[in-house]
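Everything on this sheet refers to the single structure shown next.
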Amino acid sequence: MNPGRAPRVAFFTDSFHEVNGVALTSRQFDHHARSHFYPFLSVHPGPRTAHWTRGNYQALELSHSSASLRLEHDLAFDLCFWRHRRAVRRAVEAFRPDLVHVTGPGHIGMLGALIAYDLGVPLVASWHTNVHEFGSRRLRKLLGGIPQSWTRAITHLAERKSLDLTVRFYRLARMMFAPNPELVAMLASRTARPAFLMQRGIDTEMFSPTRRTRSAGPFVIGYVGRLSAEKNVRLFVRLNELLKTHGLRDYRFLVVGDGSERAWLRQHLENADFPGLLHGTELADAYASMDVLVFPSETDTFGNVILEALASGVPAIVSGRGGPKFLIDDGVTGFVAQDPEAIADKVAELYVDPQRRDKMCKAARQAALGRSWDAVFASVYDHYRQGLDDGALSRVSSSPESPWFRSKLRSAL
43 MNPGRAPRVA FFTDSFHEVN GVALTSRQFD HHARSHFYPF LSVHPGPRTA HWTRGNYQAL
103 ELSHSSASLR LEHDLAFDLC FWRHRRAVRR AVEAFRPDLV HVTGPGHIGM LGALIAYDLG
163 VPLVASWHTN VHEFGSRRLR KLLGGIPQSW TRAITHLAER KSLDLTVRFY RLARMMFAPN
223 PELVAMLASR TARPAFLMQR GIDTEMFSPT RRTRSAGPFV IGYVGRLSAE KNVRLFVRLN
283 ELLKTHGLRD YRFLVVGDGS ERAWLRQHLE NADFPGLLHG TELADAYASM DVLVFPSETD
343 TFGNVILEAL ASGVPAIVSG RGGPKFLIDD GVTGFVAQDP EAIADKVAEL YVDPQRRDKM
403 CKAARQAALG RSWDAVFASV YDHYRQGLDD GALSRVSSSP ESPWFRSKLR SAL
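Read in order, the letters of the sequence shown are residues 43 to 455 in our numbering.
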């Protein structure tokens with residue numbers, strides 16, 4: 043294609059206005075396209091159904107029906123989403139995209155994949171959520187009353203089958219993106235398609251250590267994110283017990299977010315503040331007030347909150363599983379810890395050594411300054427152009443999954 047022309051992209055995302063990493067990335071991608079005047083059609087959920095155009099930019103917002111299944115306080119799966127299919131197809135046909143980009147196998151992502159194949163438009167897919175691990179964590183919680191050996195066997199089987207099905211969906215795509223090197227390698231290996239890194243950026247003006255206003259008081263151990271089973275947030279109760287065995291007393295937890303585990307945490311974590319969901323400057327102020335961020339999730343593919351903490355000059359302690367570990371320079375900007383005992387050890391180290399914590403705060407801020415959203419999406423568009431030029435994003439599908447998935451998508455929608 044003409045190197046001076048931006049590809050026409052129809053972008054389908056199942057999360058846009060919500061408070062999560064997929065929604066944040068989707069909004070930033072939308073903003074990048076609009077600010078660069080790229081031809082861009084954004085198809086995403088919203089409170090009402092509407093279609094509007096501003097120059098090269100179009101948005102098609104799709105409302106949920108009353109038959110939607112509530113998965114979390116801000117996430118739902120719409121059983122009647124098929125009612126939007128004709129309107130979306132007309133909008134995509136009129137837009138004439140060079141490619142369709144979907145963010146995963148949700149109802150909007152599946153609709154985008156089906157329309158792409160119906161119209162013969164090459165499909166690109168980005169992996170944002172380890173759906174198989176999320177489901178496994180929630181299933182484990184539901185099976186709490188049966189023997190652990192049975193629970194492990196059932197959840198392992200469910201996780202493996204869910205991953206297999208998710209990979210089959212991604213095989214529909216001609217090109218893929220993922221937020222960490224492990225997932226890039228997994229997708230390339232299991233789909234035999236080109237896969238590239240698509241990380242996240244950070245607003246270092248919004249999230250800044252200059253927002254810190256307190257200089258005394260208890261040591262603050264922070265968490266930001268959804269309060270749900272897959273985030274492993276019950277670990278904080280165990281962490282509290284371990285810190286007491288270390289002899290720590292003058293500390294508090296600051297737990298920012300909402301979700302199904304909030305009531306349980308409030309009951310079992312007595313020395314904690316729960317401000318709920320925070321946005322904008324309130325969220326940035328909360329980060330800056332922390333002394334350390336602890337993020338125990340083992341299922342996150344990236345962890346936007348890690349970048350937000352680092353930009354705020356707050357070292358982070360993360361799990362050894364999942365994507366967040368790739369954001370930490372272990373021992374410099376934070377720690378990678380393998381279990382609750384290791385997390386407690388690292389929190390205690392920072393608690394008793396303010397000079398080391400101050401050094402890590404400066405290193406954390408410096409590490410975040412090198413990341414921008416513009417650089418992330420400029421790389422994505424470079425891969426689009428390369429794929430359109432070299433035929434990787436040709437209009438002829440050769441995916442062995444196409445007939446199978448097309449029939450499944452048609453029956454679902």
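Ideal Cβ placement from N, Cα and C applies to all residues, glycine included.
Reduced DSSP secondary structure (H/G/I, E/B, other) of Pro87: To locate residue 87, count along the sequence shown from 1; it is residue 45. If DSSP states are grouped into helix, strand and coil, Pro87 belongs with the strands.
Span separating the alpha-carbon of Glu383 from that of Leu285: Along the sequence shown, one-based indexing puts residue 383 at 341. Along the sequence shown, one-based indexing puts residue 285 at 243. Looking at the two C-alpha atoms, the distance is approximately 9 Å.
Residues that DSSP places opposite Leu335 in a beta bridge: In the sequence shown, residue 335 corresponds to position 293, counting from 1. Under DSSP, Leu335 forms a beta bridge with Gly264 and Ala358.
Rounded C-alpha distance that separates Tyr265 from Ala215: Taking the first residue of the sequence shown as position 1, residue 265 is located at position 223. Taking the first residue of the sequence shown as position 1, residue 215 is located at position 173. Straight-line Cα distance between these residues: approximately 35 Å.
Given Asp371 as reference, the closest of Leu153, Met402, Ser77 and Gln380 once Cα atoms are compared: Residue numbering aside, residue 371 sits at position 329 when the sequence shown is read from its first letter. For Asp371, the nearest C-alpha among the options comes from Met402.
Residue range of the unbroken alpha helix (DSSP H) whose run includes Glu272: Here residue 272 refers to the residue found at position 230 when the sequence shown is read from its first residue. No residue range can be given for Glu272, since it is assigned to no alpha helix (DSSP H) and is classified by DSSP as neither H nor E.
Reduced DSSP secondary structure (H/G/I, E/B, other) of Pro139: Sequence index remark: in the sequence shown, residue 139 carries index 97 (1-based). It is coil, neither helix nor strand.
Pro147 vs Phe219 beta-carbon contact at 7 Å: Stepping through the sequence shown from its first residue, residue 147 is reached at position 105. Stepping through the sequence shown from its first residue, residue 219 is reached at position 177. For Pro147 and Phe219, no; Cβs fall outside 7 Å.
Outcome for Lys404 when other beta-carbon atoms lying within 10 angstroms are tallied against a minimum of 16: Along the sequence shown, read from residue 1 onward, the residue named residue 404 stands at position 362. Counting Cβ neighbours within 10 Å, Lys404 comes out exposed, since fewer than 16 surround it.
Cβ-based burial, Asp300 [other Cβ within 10 Å; buried from 16]: As a working mapping, residue 300 is identified with position 258 in the sequence shown. Buried is the label assigned to Asp300, since at least 16 other Cβ atoms lie within 10 Å of its Cβ.
Integer Cβ distance of Pro164 from Arg50, believed to fall under 8 Å: Along the sequence shown, read from residue 1 onward, the residue named residue 164 stands at position 122. Along the sequence shown, read from residue 1 onward, the residue named residue 50 stands at position 8. So it is not a contact: roughly 12 Å between Cβ atoms.
Per-residue DSSP class, three states only, for Val347: In the sequence shown, counting from the first residue as 1, residue 347 sits at position 305. When DSSP states are grouped into helix, strand and coil, Val347 belongs to the helix group.
CA nearest to the CA of Glu135, picked from Asp160, Cys122 and Ile150: In the sequence shown, residue 135 corresponds to position 93, counting from 1. With respect to the C-alpha of Glu135, the residue from Asp160, Cys122 and Ile150 having the closest C-alpha is Asp160.
Segment limits, alpha helix (DSSP H) that includes Ala324: Start at 1 with the first residue of the sequence shown, and residue 324 comes out as number 282. Per the sequence shown, residue 324 should be read as Glu rather than Ala. Counting along the chain, the unbroken alpha helix (DSSP H) around Glu324 starts and ends at Gly322 to Ala330.
C-alpha distance - Leu104 paired with Asn222, whole-angstrom precision: Reading the sequence shown from its first residue, position 62 is the one you call residue 104. Reading the sequence shown from its first residue, position 180 is the one you call residue 222. Cα to Cα, the separation comes out at about 30 Å.
Supposed contact pair Arg276 and Ser331 - C-beta distance, whole angstroms, cut 8 Å: Position 289 of the sequence shown, counting from 1, holds the residue named residue 331. Position 234 of the sequence shown, counting from 1, holds the residue named residue 276. Not really, about 24 Å apart at Cβ, beyond 8 Å.
Minimum length 3: unbroken beta strand (DSSP E) runs contained in the region 207-254: Uninterrupted beta strand (DSSP E) stretches at least 3 residues long and entirely within the region 207-254 occur at 217-220 and 237-239, given in chain order.
Proximity of Ser231 and Ser270 at Cβ, strictly below 7 Å: Taking the first residue of the sequence shown as 1, we reach residue 231 at position 189. Taking the first residue of the sequence shown as 1, we reach residue 270 at position 228. With respect to Ser270, Ser231 sits apart: the two C-beta atoms are not nearer than 7 Å.
Ser168 - partner residues in DSSP beta bridges: Here the question's residue 168 lines up with position 126 in the sequence shown. Note: Ser168 sits in a beta bridge opposite Phe219.
Where the beta strand (DSSP E) through Gln100 begins and ends: Locating residue 100 in the sequence shown gives position 58, counting from the first residue. Where Gln100 is concerned, the enclosing beta strand (DSSP E) stretches over Tyr99 to Leu104.
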